[in-house]
Amino acid sequence: MATALTTNHGLTVRDLSSQGRSHRVFGHKSQRTHHLLSDLELAVFLLLEWSRSTQDIREQFPLRLEDTKALALESGIDHPSVRGVLQVMSSDFLVNTTDTSQPKFALQAKYAEALSDARTIEKLELERRYWLQKGVPWWLITEKDIPSVVTQNISWLYPAQRDEIEIDVLVERAAFYQHHFQNDPERSVIEVAKQLDMAYQQPMGQSLLEIRQLLAQRCFLFDILTPVTKLKAGDLQLENIEAMSGALRVSNQ
1 MATALTTNHG LTVRDLSSQG RSHRVFGHKS QRTHHLLSDL ELAVFLLLEW
51 SRSTQDIREQ FPLRLEDTKA LALESGIDHP SVRGVLQVMS SDFLVNTTDT
101 SQPKFALQAK YAEALSDART IEKLELERRY WLQKGVPWWL ITEKDIPSVV
151 TQNISWLYPA QRDEIEIDVL VERAAFYQHH FQNDPERSVI EVAKQLDMAY
201 QQPMGQSLLE IRQLLAQRCF LFDILTPVTK LKAGDLQLEN IEAMSGALRV
251 SNQ
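Following full-length UniProt numbering, the numbering of the sequence shown begins with 1 at its first residue and continues without gaps.
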């Protein structure tokens with residue numbers, strides 16, 4: 001999935017500007033809201049979330065300033081700074097796993113075009129040396145490493161993630177659709193949506209829109225490697241609604 005270059009998470013969406021779109025996404029493994037700074041980070045996060053070996057994901061993980069400062073001095077690379085003040089570096093993800101051969105690894109997600117910038121490469125080299133010193137595997141991921149189906153699914157889900165819906169409404173809708181999904185698990189999600197539109201005399205597409213919103217908010221889990229157009233009702237797993245609603249309330253404060 002990745003290409004190798006030879007606690008407490010510290011940053012949030014509000015702390016950094018990003019060329020990409022920012023996302024606040026509930027993680028079912030961590031039971032908290034994750035702050036992601038681009039579509040690429042979201043794609044990587046979802047792949048990590050659906051990996052059976054993933055135990056915990058920490059995003060925007062800060063690197064010890066004392067260590068990166070020493071590595072910069074040792075390597076002759078200028079340490080990142082703003083107006084003369086040294087800045088804390090971070091890795092996009094630090095992941096804990098159940099794999100005993102690789103219980104922890106770090107990831108940096110960069111769009112391929114950014115790798116043509118010499119200064120970006122210097123900062124990546126500092127990050128690589130940091131994790132090498134810690135004995136933790138580190139990889140660089142670009143959009144070229146992400147399966148196209150993941151990108152397509154995210155493109156379909158993203159607009160619905162921005163819809164402003166009361167948390168109580170989401171919870172109520174999740175319970176409603178879960179009931180119907182359980183009643184007809186082999187039917188496609190699209191067919192279930194059409195059936196409900198007709199049964200409740202709603203505009204065609206209304207139920208699919210609401211399901212899309214629920215998926216975008218991670219009220220239901222599904223395999224991100226499965227095209228959303230091919231999902232069956234039984235493929236959707238209801239999230240722990242109580243934990244999810246609590247995390248969403250906290251993140252919206």
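Glycine included, each C-beta is placed from N, C-alpha and C at the ideal position.
Rounded separation between residue i and residue j - CA only
{"i": "K232", "j": "V44", "result": "24 Å"}
{"i": "E74", "j": "S91", "result": "20 Å"}
{"i": "A72", "j": "P147", "result": "35 Å"}
{"i": "N96", "j": "L36", "result": "18 Å"}
{"i": "K110", "j": "M89", "result": "15 Å"}
{"i": "E122", "j": "H79", "result": "9 Å"}
{"i": "R83", "j": "I57", "result": "32 Å"}
{"i": "A175", "j": "S51", "result": "26 Å"}
{"i": "I77", "j": "G234", "result": "53 Å"}
{"i": "A118", "j": "V169", "result": "49 Å"}
{"i": "R173", "j": "D99", "result": "37 Å"}
{"i": "T6", "j": "E186", "result": "Low confidence applies here, because T6 scores a pLDDT of 28, under 50, leaving its location unreliable; read the following figure in that light. In a straight line, the C-alpha of T6 is about 47 Å away from that of E186."}
{"i": "H34", "j": "E59", "result": "7 Å"}
{"i": "R162", "j": "W156", "result": "12 Å"}
{"i": "E191", "j": "L132", "result": "51 Å"}
{"i": "Q87", "j": "R128", "result": "17 Å"}
{"i": "T120", "j": "A193", "result": "46 Å"}
Per-residue burial, residue i [other beta carbons within 10 Å of its own, 16 or more giving buried]
{"i": "E210", "result": "buried"}
{"i": "H179", "result": "exposed"}
{"i": "M204", "result": "exposed"}
{"i": "A199", "result": "exposed"}
{"i": "N183", "result": "exposed"}
{"i": "T68", "result": "buried"}
First and last residue of the uninterrupted alpha helix (DSSP H) at residue i
{"i": "E125", "result": "118–134"}
{"i": "residue 254", "result": "One cannot answer for residue 254 here, as it falls past the ends of the chain, which runs 1 to 253."}
{"i": "T100", "result": "Segment: none, T100 is in no alpha helix (DSSP H) and carries neither H nor E."}
{"i": "R212", "result": "206–216"}
{"i": "K194", "result": "189–199"}
Reference residue i; option with closest CA among the options
{"i": "I141", "options": "L40, H34, H23", "result": "L40"}
{"i": "K144", "options": "K29, L115, W138", "result": "L115"}
{"i": "E166", "options": "T100, L214, P103, S30", "result": "L214"}
{"i": "L225", "options": "I154, A193, E242", "result": "I154"}
{"i": "F181", "options": "L208, Q201, P159, A160", "result": "L208"}
Host beta strand (DSSP E) of residue i (start-end)
{"i": "residue 277", "result": "Not covered by the structure: residue 277. The range shown for the chain is 1 to 253."}
{"i": "R24", "result": "23–27"}
Whole-Å CB distance - residue i paired with residue j, under 8 Å assumed
{"i": "A112", "j": "L94", "result": "Rounded, the Cβ-Cβ distance is 23 Å, inconsistent with contact."}
{"i": "S38", "j": "R21", "result": "7 Å"}
{"i": "V171", "j": "I241", "result": "5 Å"}
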